[in-house]
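Q: Residue numbers (this note's numbering): 2 to 352.
What follows is a single structure, and I will ask about it in a moment.
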């Protein structure tokens, strides 16, 4: 896969978004979040999503200039209506508001409705960790996963995430996981590249295991850890959809298939100021001590080093910043076509 300079990619995505009607600063926020995902090796949540976002804007299914509504419920709670705007843009505004609230009260939470797919959760969690805060974030998504024992898609992959600041070189303990066995974006990526998926990832419409990404996308992704993944998916749905007032389960619009209705995705953020609980430097020392103990655990014969969640992503980011971010052929073509349609000079050259 060819590699491209992250800043050059960010510039191209920003210009495409602006040409599609997204205001300047908000276009930069969108581009930053997508390129950040690619930098950290999360290509399923990176610039591969640009084309579908723009096509949905063109069809009036995403409002590029959406007004966000904050309904403050006391000192520490806000109910947010994202106005059917870009998920990354509106979620970043919510986080900014929560940081201000948590600095005053120690903790702040938000429900968010009327939103969209908003990229990698760890993007927001890492921003909070940079402020010496802990963000617990979760979101629903379009139906792709059945309840345990079923073969009809009802839940999204419903990820949960949090990042914790450390004194280590890799900066954060970064936990970001879907409640499905695999992120749906991996199946979409396989479909784009014309590749099979591993057996055991998904079922077709009849409940049979499949390696065909098309059948998998029409069928259902499997939950992680069976009934435990199902319970966690339900947990996320209750917080992100039911509590927020967003669409629930199979009522959530599909970003790719439903090109005639909005998604109405729901999110839930809970932000804690570490300093409200203990001195930040003391917290980091305790985290670092725990990391050292984990790494000192006896290893299996085939294991070279016990890694901490977030450590591998940090190493990937170092490599991708230096060598460039990998972009697949299909995604490259989509960016090229968008630039041609919007009469934007296409400046991407292989690094």
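Don't be surprised by glycine CBs; every beta carbon is placed ideally from N, CA and C.
Nothing here was measured: the structure is a model prediction, and the numbers come from that model.
1. So is residue 298 buried or exposed if we call it buried at 16+ other beta carbons inside 10 Å?
2. Does the stretch 212-225 touch the stretch 267-283, meaning 3 or more C-beta pairs lie closer than 8 Å?
3. Whose C-alpha, out of 173, 157, 131, is nearest the C-alpha of residue 236?
4. According to DSSP, what are the bridge partners of residue 274?
5. Rounded to whole angstroms, what's the CA-CA distance from residue 155 to residue 204? Just pull it up for me.
6. Kindly indicate which three-state DSSP category residue 268 falls into: helix, strand or coil?
7. Less than 7 Å between C-beta atoms, sequence neighbours within five positions excluded: which residues of the same chain meet that for residue 300?
8. Hey, quick one: how far does the alpha helix (DSSP H) through residue 324 stretch, first residue to last?
9. Quick one, are the C-beta atoms of residue 234 and residue 180 less than 8 Å apart?
10. Among 52, 57, 65, 71, which has the Cα closest to the Cα of residue 245?
11. Provide the residue span of the alpha helix (DSSP H) that contains residue 90, from first to last.
12. Report the option in 227, 23, 137, 332 whose CA atom is closest to the CA atom of residue 189.
13. What is the residue span of the alpha helix (DSSP H) that residue 43 lies within?
14. Can you look up residue 18 in the DSSP assignment and give me helix, strand or coil?
15. Looking only at DSSP bridge pairs, what is residue 165 linked to?
16. I'd like to confirm the pairing. Which residues does DSSP put opposite residue 4 in its beta bridges?
17. Any contact between the stretch 79-88 and the stretch 45-52? By contact I mean 3 or more CB pairs, one from each, below 8 Å.
18. Following the continuous beta strand (DSSP E) through residue 79, name the residue where it begins and the one where it ends.
19. Between which two residues does the beta strand (DSSP E) containing residue 71 stretch?
20. Among the residues of its own chain, which have a CB less than 7 Å from the CB of residue 103, if the five just before and after it don't count?
A: Put simply:
1. Answer is exposed; the Cβ neighbour count stays below 16.
2. Because the criterion of three Cβ pairs below 8 Å is not met, the stretch 267-283 and the stretch 212-225 do not touch.
3. Of 173, 157, 131, the residue nearest in Cα terms is 157.
4. Paired residue(s): 134.
5. Per the coordinates, the alpha-carbon of residue 155 lies some 13 Å from the alpha-carbon of residue 204.
6. In this structure, residue 268 counts as strand in the three-state DSSP scheme.
7. Excluding five sequence positions before and after residue 300, the CB atoms of its chain that fall closer than 7 Å to its own CB belong to 307, given in chain order.
8. Going by DSSP, residue 324 is part of the alpha helix (DSSP H) stretching over 312-324.
9. Yes, these two residues count as a Cβ contact at 8 Å.
10. For the residues 52, 57, 65, 71, the minimum Cα distance to residue 245 belongs to 71.
11. Taken as a continuous stretch (DSSP letters only), the alpha helix (DSSP H) holding residue 90 covers 88-106.
12. Closest by alpha carbon: 332.
13. No alpha helix (DSSP H) contains residue 43, which DSSP labels as neither H nor E.
14. Note: residue 18 maps to helix in three-state DSSP.
15. DSSP lists 174 as the bridge partner or partners of residue 165.
16. In the DSSP assignment, residue 4 forms a beta bridge with 327.
17. In short, these stretches do not touch, since the Cβ pair count stays below three.
18. The continuous beta strand (DSSP E) containing residue 79 extends over residues 78-82.
19. Residue 71 -> beta strand (DSSP E) spans 70-73.
20. Spatial neighbours of residue 103 in its own chain (CB-CB distance under 7 Å, excluding positions within 5 residues in sequence) are listed in chain order as 109, 134, 272, 273, 274.
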